[in-house]
Structure formats: C-alpha cells, structure tokens
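What follows is one structure encoded as structure tokens, with my remarks underneath.
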Amino acid sequence: MFVDISYFDDDNAAHAGMECIDCHADIEDLPHAEKLAKVNCAECHDDVQEIYDSSIHAHPLIEGTTGETASCVSCHGHHEIYPADDPRSTVNHHNLAQTCVRCHEDQAIIEKHQLPGQETIQSYILSVHGSSNVEDLESTAATCNDCHGWHDIQSHDSADSSTSRQNVVKTCGQCHDDVVEEFYGSVHGALGKEGNPDVPVCTDCHGEHTIRSPEDRQSTVSKYHISETCGRCH
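Sequential numbering from -5 applies to the sequence shown in my numbering.
Structure follows, in structure tokens:
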C-alpha cells in the first residue's frame, strides 16, 4: 500500500501532524513487517467506540464473526481522513450516501444480513431529499445519518432506533418541526401522544426512502394517490 504522507501536512486533515506510529503502535523497527496489527481507533476515540459498540454495525464484531460489517475505516477511510464538514470527507453530507452504498448495494451483503434491497438507495436518490442533495451542493436536505444516526445506528425494529415507529416523528421533527406541531394537533397525533400504537406516523403516509414532494405525481400524498394512501387504514 502506498501512503501519500503529504496528507499529514494538510492542516485540514483530521490527523494532521500525527506520526505513523501514533496509530501503528506495533512498529518498532524499520523496515517494518509487511503485515501490521489492526489499528485501534479507540485509543483516541474511546467515547465514540463506546457508542459504536451498542450499534447494529458492531454486533458481528462483538460476536466474533467480523464478516462484512461497517467499521471505522469502512466509513471514514484509512489514511486520508477529513472532518465531516470538509467536502473531501467520505462522511461529508454530500458524500455520505455514496459511502453507505458500498455495503448497502452489495448483493452478497444484502442477502447475508437480510438488508433492504438495492432499490432502497436508488429510491432515496430519486426522493425529494436525495435529489435535492444531488442537484444542489448547498442543500441541507436529509441524508442517511440525519435519520438513522451516526455511530449509534440501531435496527429499525428496535425501540431505540431513531426510525422506529416510536421515534420517527421526533426524527422527522428535527427538520420539519412546524409540520410535527401541526401533526400533534390532529386526531392522529393526539392519539399517538396518548400511546395508541396503531395511529399512522410520518412514514406510513409519506414513505421512507421514497419520499417525494406532494406536487410530484408519484408521491403517496399527491392528489393522485392520497385516497389510496388513506385507504390502507380507512
């Protein structure tokens, strides 16, 4: 592997000024062995590691069956790591979807871990959120982590998940606070606040990754489909 050491002279780099042995602590002599020990990011990022250990991505590692699971380098890269607000970062707002698809469009991984199919990512790209991010580099429309979280991502059927039925209204409210306030004033929202588990939440009407503008003919809440959408319950 060739490593461009000029990266470490870049003041904007996440690890600017660090030495190789700060991460590769097993190097004692030069030339070093061809195969080095796995770097332990938790030596510096122990707070993040603690959060990650409770996530859906960490489960295979904890169980000792590493297989295909998202680790630090899967998302952040190996050597050329940049802060998330740097457009070169693999976890930058406008790059994140492409980082996530490395696993979430891999058919072997999808089948092995029973993940949603490849159409999930494509649906997002065509959605009101995804298309906005593709067309406008200044867009702040929701991308993967805005809904699912960062290091603490949970399975969608977990009560702790930010996209579970119990939490999705709060999650959508991070951007759509005015709509959520209106929702809680409706019969659906009022019943939901009382703990009724059967009332519809945001995703029941608008969809998940496929969300489109109400003016879009294909939207589940457009005038062309709203009766069909409401008819699922009524």
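Glycine included, every Cβ here is placed at the ideal spot set by N, Cα and C.
On a predicted model such as this, the values are computed, not experimentally measured, just so you know.
Residue i by DSSP, collapsed to three states: which one?
i, result
"Leu120", "helix"
"Glu13", "coil"
"Ala136", "coil"
"Asn126", "Note that residue 126 is Ser in the sequence shown, not Asn. Ser126: helix per DSSP, three-state reduction."
"Arg211", "coil"
"Arg96", "helix"
"Gln101", "helix"
"Lys164", "helix"
"Glu113", "helix"
"His107", "coil"
"His53", "helix"
"His88", "coil"
"Ala19", "coil"
"Glu37", "helix"
"His142", "helix"
So the alpha helix (DSSP H) residue i belongs to, where does it begin and stop?
i, result
"Ser0", "Note, Ser0: premise wrong, no alpha helix (DSSP H); not H, not E."
"Asp172", "Asp171 to Tyr178"
"Ser221", "Ile220 to Gly225"
"Asp40", "Asp40 to Tyr46"
"Gly186", "Val181 to Lys187"
"Ser68", "Cys66 to His70"
"His200", "Cys196 to His200"
Any heavy atom of the ligand GTP closer than 8 Å to the Cβ of residue i?
i, result
"Gly71", "Ligands are entirely absent from the displayed structure, and the ligand GTP is therefore not among its contents."
- Message: With three or more beta-carbon pairs closer than 8 Å as the criterion, would you say the region 190 to 199 touches the region 144 to 162?
- Response: yes
- Is the region 76 to 89 touching the region 164 to 171 in the sense that three or more CB pairs, one from each, lie closer than 8 Å? no
- Query: Are the region 87 to 98 and the region 113 to 123 in contact at 8 Å, needing three or more beta carbon pairs?
  - Reply: yes
- Query: Is the number of C-beta pairs between the region 166 to 186 and the region 95 to 108 that are closer than 8 Å three or more?
  - Reply: no
- Message: Tell me whether the region 44 to 52 and the region 142 to 150 touch, counting them as touching only if at least three CB pairs, one residue from each stretch, are closer than 8 Å.
- Response: yes
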